[in-house]
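In order, the protein sequence lines correspond to chains A and B.
Just so we're aligned, residue 470 is where the first sequence starts under my numbering, counting upward by one.
Just so we're aligned, residue 17 is where the second sequence starts under my numbering, counting upward by one.
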Amino acid sequence: NAGVTQTPKFRVLKTGQSMTLLCAQDMNHEYMYWYRQDPGMGLRLIHYSVGEGTTAKGEVPDGYNVSRLKKQNFLLGLESAAPSQTSVYFCASRSNRGREEDTQYFGPGTRLTVL
Amino acid sequence: QKEVEQDPGPLSVPEGAIVSLNCTYSNSAFQYFMWYRQYSRKGPELLMYTYSSGNKEDGRFTAQVDKSSKYISLFIRDSQPSDSATYLCAMKDDRGSTLGRLYFGRGTQLTVWP
Chain A
470 NAGVTQTPKF RVLKTGQSMT LLCAQDMNHE YMYWYRQDPG MGLRLIHYSV
520 GEGTTAKGEV PDGYNVSRLK KQNFLLGLES AAPSQTSVYF CASRSNRGRE
570 EDTQYFGPGT RLTVL
Chain B
17 QKEVEQDPGP LSVPEGAIVS LNCTYSNSAF QYFMWYRQYS RKGPELLMYT
67 YSSGNKEDGR FTAQVDKSSK YISLFIRDSQ PSDSATYLCA MKDDRGSTLG
117 RLYFGRGTQL TVWP
């Protein structure tokens, strides 16, 4: 049981390049989330998904797109990377069993640098 | 004003000390309160979970919630070097429409030196 995995672990992009971050979970969770973490800013929600084929905007969605074609995968795309998108990106997933104490499980993160 | 405020520290204590970490919040609808621990270059992991007001104890860790003051705390007794990490508070409200969205504090960086 791998939990939540993220690919790649590190990436360096030039301004204007595009890339896709992949998140995969093997816990059969309905909910999945993408966060970014910046020094002094904590975790900020970018986009989230409540099930296969559905996505919604979070707190800081601009410059990002997401897709959830399969229940176990949640992709985060940067169409035209900007230096302001230099950050550590975390994916998380959560069950929808209806128990409020259900926690979010986080992946190990992707460190992205945009030059 | 952010909905959740947390002093980022850093906090440095000797081994064996009692550590107190705190967060304040402004949204009175928050009902569920969590503490996540994040080791360097790792993802956050859930440490403690509390519903509404009161105390919860788990080994050396105690979480307290005071909803009247909108204030939550995490106490670590007999702190160990292995407790060195960033501690993030998180909370959510009880409205189903928010779909379990968590509101995080900025995190407090803790170092416990031997």
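Note that the Cβ used here is the ideal one computed from N, Cα and C, for glycine as well.
Annotated three-state conformation of B/P30 is strand, per DSSP. For the options A/V557, A/P530, A/G520 and A/V519, the alpha carbon positioned closest to that of A/V481 is the one of A/V557. Per DSSP, the beta-bridge partners of A/N542 are A/A493. With its beta carbon at least 8 Å from every one in chain B, A/G532 lies outside the interface. Between B/Y67 and B/M107, the gap from beta carbon to beta carbon reaches 8 Å or more. With its beta carbon less than 8 Å from one in chain B, A/P577 belongs to the interface. Chain B has no Cβ within less than 8 Å of the Cβ of A/Q494. Under the 8 Å Cβ criterion, the stretch 92 to 105 of chain B does not count as touching the stretch 571 to 582 of chain A, having fewer than three qualifying pairs.
Under the DSSP assignment, A/G520 falls in the beta strand (DSSP E) whose first and last residues are G511 to G520. In its chain, beyond the 5 residues on either side, T489 and N534 have a beta carbon closer than 6 Å to the beta carbon of A/G546.
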